[in-house]
Amino acid sequence: MGALRRRFILGAMLAFGILLVLLVGGIAVAGYVQMERSADVFLQRVMDEEKMETAKHPPKPVFGYELPSRPSMSEYYVVTTDRQGAILRMEQRGGWEADTELMEEYVAQIVNSGQENGKIGKYKYLLRWKTDEAAKLVLMDNSVQAHALADHLRTACLVSLLGAAVLFVILLPVSARVVRSYAMNIEKQKRFITDAGHELKTPVAIILSNVDAMDLIQGENKWSRNIRSQTARLSSLLGQLLLMARMDEQSVSMRTENVDLVSMIREEVETYQESMAKRGLSFDQRIEEIGILRGNRENLRQLIHILMDNAVQYADEGGKIELLLESRGRRARLVLRNSVESVPSCPPDALFDRFLRGDSARTQKSGGYGIGLSAAKSIVQNHHGKIEAAYGRGDSVRLTVELPLRRRRWSW
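By this note's numbering, the letter at position 151 of the sequence shown is numbered 252, and the numbering carries on one by one without gaps.
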């Protein structure tokens, strides 16, 4: 339940954080657009020498707000310049004493750039040539508005952080109540599967023992063989159901240790040599040395068993199986590919669905129940890895598993 609560709180906080980022980002963009448009309108009005209070064509409001006739506390200059960028006349309004040298440098750069509007330093400017030799240049300092916008954004961020803190405090008691019923339902399902599996093992064992007794007394016949075959299938199915229940339980907590995956794979492959020989399967393997893998030894062995069993069962007679183990950065990559008579009709991702077999042509003799790969996916996810299925050319199925490797500690 504790893990479910953490996931619930983390999901809610993540969703709230994304919403806040979108809101604050929208405010920032809206404020910047409004500030820039206000500056453009102001520069144009000064250029046209309109009175600020009686504009002939007032601009349309931005985001529902009327643009101010003059940005508050704005420092701006009206400059007359020649083709060489020399200042012929300069009028300063709404600010402190002008830095003449700086303004001369700015005016020269603007004239030489050939751009009639833009930004230079902290000033936004508009240039219009009144005659061939004289131009009117208006420069406005909109740093005050920029600082005001930055203050608003800082305030919005602070309020957002406070809101996130309040939400976290609220979620602590709420999450326990919300998760409790969900956790109880999951626990009941797990307990039912586990209890039913254990209870069914007894009658299955009794049926098998009775069949053995019948064979001793009356001799083996096709009916007893069918009973034995189907009982064995039922026993295998119960084992895989219990495996799935165990995987679900370990999704919350799992004991881990350092695992030698290379040796484990080689041991598991050795147990399938006889099965592959009986079916005439060729086997190619390339196993490289990898780093330290941290995980549950029993589960990882079960993972390799499921992958090998799946490849051997569903490979076509006289086909080929390829195995590759390599390290890629900080991840171990295991690839198992087997040829098939025809690729399954379902999408590759559907192979990991419970109780779904890849193709109706796979008959009971294959021994598949649609549980093995689902259990393999649970094991990989519990180890913070990923597993993918793909269909290759030449009718083949490829399963790729990536598991994180443990970082090596430096020794001095």
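Cβ atoms here follow ideal geometry from the backbone N, Cα and C, with glycine treated the same way.
Bear in mind the structure is a predicted one, so any value in this text is a computation, not a measurement.
Starting from Gly473, follow the alpha helix (DSSP H) in both directions and report where the run begins and ends.
From DSSP, the alpha helix (DSSP H) with Gly473 extends over 473 to 483.
Can you tell me whether DSSP reads Thr332 as helix, strand or coil?
Here Thr332 sits in helix by DSSP.
When the Cβ atoms of the region 395 to 411 are set against those of the region 444 to 451, are three or more pairs found closer than 8 Å?
Touching, no.
Helix or strand or just coil, what does DSSP make of Ile221?
In the structure shown, Ile221 sits in a strand (DSSP, three-state: E or B).
The beta strand (DSSP E) with Thr501 in it runs from where to where?
Unbroken beta strand (DSSP E) run through Thr501: 497 to 505.
Taking C-alpha atoms, which residue in Arg138, Leu317, Leu424 lies nearest to Glu389?
Checked all of Arg138, Leu317, Leu424; the closest Cα to Glu389 is Leu424.
When DSSP labels each residue in this structure, what does Met114 get in the three-state scheme?
Helix, per DSSP.
Given Glu137, which residues of its chain have a CB within under 6 Å of its CB, disregarding the five upstream and five downstream residues?
Excluding sequence neighbours, Glu137 sits near nothing in its chain.
Would you check if the distance between the CB atom of Ala257 and the CB atom of Val125 is smaller than 8 Å?
In contact: Ala257 and Val125 (Cβ atoms closer than 8 Å).
Going by the DSSP bridge assignment, what does Asp316 pair with across the sheet?
BP columns for Asp316 are empty, so no partner.
Straight-line CA distance for Ser337 to Pro505?
Each residue's alpha carbon lies about 31 Å from the other.
Please state the DSSP three-state secondary structure of Asp361.
Correct three-state label for Asp361: coil.
By alpha-carbon positions, which one of Tyr373, Arg398, Arg356 ends up nearest to Met365?
The residue with the shortest Cα to Cα distance from Met365 is Arg398.
Tell me which residue opens and which closes the alpha helix (DSSP H) that Tyr207 is part of.
From DSSP, the alpha helix (DSSP H) with Tyr207 extends over 201 to 214.
I'd like to check one pair, Thr357 with Gly396: are the Cβ atoms closer than 8 Å?
Yes, these two residues count as a Cβ contact at 8 Å.
With a CB to CB cut of under 7 Å and the five nearest residues on each side skipped, what residues in its chain are close to Phe164?
For Phe164, the predicted model reports a pLDDT of 45, less than 50, meaning its position is unreliable and no value from the coordinates is stated.
Is it true that the CB of Arg432 sits closer than 8 Å to the CB of Glu503?
Yes, these two residues count as a Cβ contact at 8 Å.
Could you check how far apart the C-beta atoms of Val208 and Val180 are, in whole angstroms? I think they sit under 8 Å.
With a Cβ gap of about 6 Å, Val208 and Val180 count as contacting.
Decide yes or no for the touch test of the region 201 to 218 against the region 181 to 191: beta carbon pairs closer than 8 Å, at least 3 of them.
Contact holds: three or more Cβ-Cβ distances are below 8 Å.
Would you call the CB atoms of Leu394 and Val360 closer than 8 Å?
Yes, they are a contact pair.
Would you kindly work out how many angstroms separate the C-alpha atoms of Leu121 and Gln331, rounded to a whole number?
Rounded to the nearest angstrom, the two C-alpha atoms are 58 Å apart.
What number of angstroms, rounded off, separates the C-alpha of Ile119 from the C-alpha of Ser261?
Cα to Cα, the separation comes out at about 11 Å.
Just how far apart, CA to CA, sit Asn327 and Ala314?
So the two alpha carbons sit approximately 15 Å from each other.
For Tyr422, name the three-state secondary structure that DSSP assigns.
With the sequence shown as reference, residue 422 is identified as Ile, and Tyr is not the correct amino acid for it. It is a strand residue.
According to DSSP, is Gln185 part of a helix, a strand, or is it coil?
Residue state, collapsed to three classes: coil.
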